[in-house]
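S.K.: Quick one: the structure is below, and I'll ask about it shortly.
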Amino acid sequence: MITLHEVHKQDSGDVKAAVVAFGARHPFDGAGPDAEPDWKWAEKHFTRLIEVIMGTAALAQGRGTDTVHRAENEAVQLLLTLNTVPDYRCPICVKQRRDAL
Ligand SMILES: [Zn+2]
């Protein structure tokens, strides 16, 4: 499965900005606003995002390489869409907080 790092490397412009913005939603505990994000955490949530999308797609189409690629593309599109919303929250973070309640 594709990683945020690979997405960042492959694409340019808007996608890169979206990846960086998604990373910024995952700061280290107690880190300042200008600190480097916790990329391991962000990667984990990006993978989870693909899995959630794939889960939905797999129900409809069966799980194949196509499904994985489509889910990866959709996850990247989702980051792009999210990045048009000011101060958006990572959907996986939101979900985990909700599950923890
Ligand atoms: Zn998250």
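Here the sequence shown is numbered in the working numbering, starting from 419 and rising by one per residue.
We treat Cβ as the ideally placed atom computed from N, Cα and C, and that holds for glycine.
Being a predicted model, the structure only gives us computed values, none of them experimental.
Which residues count as close to ligand 1 when the rule is a CB under 6 Å from any of its heavy atoms, in chain order?
M.R.: Residues flagged by the Cβ proximity filter: 443, 444, 463, 508, 510 and 511.
S.K.: On a CA-only basis, which of 473, 457, 519 and 464 is nearest residue 509? Give me that one, please.
M.R.: Residue mapping note: residue 509 aligns to position 91 of the sequence shown, counting from 1. It is 464.
S.K.: Residue 500: which of 486, 443, 482 and 473 sits nearest, CA to CA?
M.R.: Taking the first residue of the sequence shown as 1, we reach residue 500 at position 82. For residue 500, the nearest C-alpha among the options comes from 443.
S.K.: Quick one: what does DSSP say residue 504 is sitting in, helix, strand or coil?
M.R.: For the purposes of this step, residue 504 is taken as the residue at position 86 of the sequence shown. Coil at residue 504, not helix or strand.
S.K.: Which runs of the beta strand (DSSP E), 3 residues or longer, sit entirely within the stretch 443 to 488?
M.R.: Counting only runs of 3 or more, we get nothing.
S.K.: Specify the secondary structure class of residue 421 as computed by DSSP and reduced to three states.
M.R.: Locating residue 421 in the sequence shown gives position 3, where the first residue counts as 1. Residue 421 falls in the coil class under three-state DSSP.
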